[in-house]
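Taking the numbering used here, the leading residue of the sequence shown gets 50, the next gets one more, and so forth.
Ideal placement from N, C-alpha and C gives every residue a C-beta, glycine not left out.
Just so you know, these numbers come straight off a predicted model, no measurement behind them.
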Amino acid sequence: MADSGRKLPSPSARAKPLAARRKLKMARSLGTYIRGSTTSFYQWLVHPAAAIPAGPPVWICGDCHIGNFGPIASSDGEIKIQIRDFDQATIGNPAFDLIRLGLSLAADAATSDLSGVTTARMLEHLQQSYAAGLTQPGRSPAKADDPKLLRKLLRVAENRSWKKLCKERFDGAQRSIPLGSRFWPISQRERDEIGRLVASDEMSSLVTCLRGRDNKTKLTLLDAAYWVKGCSSLGRLRYAVLLAVQDKSGKPDYCLIDIKEAVRPKAPAHRRAGFPKHDGQRVVLAARRLSPSVGQRMQPGRILGRAVFIRELRPQDIQPEIPRLAKDEVLKLAAFLAGVLARAHADQMNASTRREWKRKLTGRRRSKGRSASWLWENVVELMARHERAYLEHCRDVPL
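Below, the structure written as structure tokens:
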């Protein structure tokens with residue numbers, strides 16, 4: 050049911066308003082512009098400001114910014130901060146993830162009116178914590194080392210319920226998706242395609258294996274809508290799907306499914322990397338290597354002839370909103386996220402590969418205690434390029 054008095058785009062007329070919304074969203078801040086300009090990031094890195102060390106070919110996030118980390122619930126209920134987005138994931142150079150995360154942190158430091166000295170120290174923390182995490186791949190950081198922002202996020206995630214998820218996503222509705230600014234109507238053809246997916250063995254397997262449900266669980270499609278969500282992905286297929294789940298106990302349960310179109314990644318792949326042609330399969334494979342708690346809740350599929358990936362959303366999954374941060378919190382955040390990233394990469398390497406990659410990372414410093422010059426120079430150059438492009442972008446956006 051649509052909001053009263055609001056005329057929503059028909060399925061055939063989504064493209065123009067989505068493009069306009071994406072343009073406005075990218076104009077909000079330098080940080081949001083960086084998140085939406087993955088293509089430019091990799092185009093500019095073709096000619097880097099300083100030579101980038103060639104890391105071992107592993108699965109990388111490809112779009113490693115602050116907003117793509119967050120609390121994730123595993124199948125046994127444990128909640129950890131992990132990488133949560135894999136649209137751009139590929140088998141490539143892990144240095145790209147480190148540079149993109151450094152750029153994202155530098156942009157947020159600038160937005161928080163922190164000094165250039167703080168940004169320099171932050172990149173040192175980023176590089177040092179990443180290097181340390183490579184040699185301790187299975188070790189999680191101590192709770193005391195968690196930034197206050199992330200400790201708060203984890204507390205909120207631990208206390209979230211299905212009702213809270215519905216209140217946040219659906220204005221409190223539990224059996225329907227209210228149409229409005231976030232959810233738009235879908236065509237009958239789209240609904241039929243979603244119904245086909247819901248009835249598939251893949252969807253049944255996804256929903257039943259995660260919470261210990263029996264294999265005779267019955268899935269019923271309650272509602273579905275086009276989900277207006279994301280930044281760089283605005284304009285692709287994206288659906289929110291609400292399911293009723295009933296097992297032999299007869300106890301009612303609900304499930305929220307996110308269906309998202311998968312396209313070719315912008316991040317450069319290693320020359321010997323072999324990928325499935327189905328981009329949904331690529332995304333799922335990447336998730337299972339980088340953040341297994343997310344990957345085990347995902348399956349590839351197709352809608353309207355396009356590759357998609359299907360993911361069960363849980364109340365504990367939260368996309369963080371980054372406020373203005375103080376100096377100490379920025380330094381802690383950089384160190385913590387670098388550790389998460391390092392462990393995601395290192396779990397794919399053997400001990401000798403981890404040692405060699407650490408040696409390459411830390412081998413080009415101007416002086417002891419400084420971040421490696423290649424990381425510093427590339428982040429500084431990319432900040433300048435993105436800031437100029439951001440201002441040019443904003444020039445054409447109406448007030």
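- Under DSSP, residue 119 shares a beta bridge with 131.
- Between residue 389 and residue 83, the gap from beta carbon to beta carbon reaches 9 Å or more.
- Sequence-distant Cβ neighbours of residue 181 in its own chain, meaning closer than 8 Å and more than five residues away, are 388, 391.
- The C-alpha of residue 80 lies about 31 Å from the C-alpha of residue 408.
- Under the three-state reduction of DSSP, residue 290 is assigned to strand.
- Checking the DSSP bridge columns, you'll see residue 304 partnered with 292.
- Per the C-alpha coordinates, the member of 362, 339, 298 positioned closest to residue 309 is 362.
- Within the model, the alpha-carbon separation for residue 252 versus residue 246 is close to 6 Å.
- Within the same chain, 67 come within 6 Å of residue 284 by CB-CB distance, once the 5 residues on both sides are set aside.
- Taking residue 398 as reference, the option from 70, 338, 148, 173 with the minimal CA-CA separation is 338.
- When beta bridges are read from the DSSP output, residue 272 appears opposite 291.
- Residue burial is scored here from C-beta neighbours: residue 256 has at least 16 other C-beta atoms within 10 angstroms and is therefore classed as buried.
- Between the beta-carbon of residue 385 and that of residue 199 there is about 6 Å, and that keeps the pair under the 8 Å contact cut.
- A direct Cα-Cα distance of roughly 12 Å separates residue 357 from residue 306.
- The C-alpha of residue 234 is placed about 7 Å away from the C-alpha of residue 228.
- As DSSP reads the structure, residue 108 sits in a beta bridge with 140.
- Secondary-structure assignment with DSSP links residue 348 through a beta bridge to 359.
- For residue 443, the uninterrupted alpha helix (DSSP H) segment begins and ends at 422–444.
- About 7 Å separates the beta carbons of residue 138 and residue 331, which is inside the 8 Å limit, making them a contact pair.
- Put simply, the backbone Cα of residue 111 is about 13 Å away from that of residue 118.
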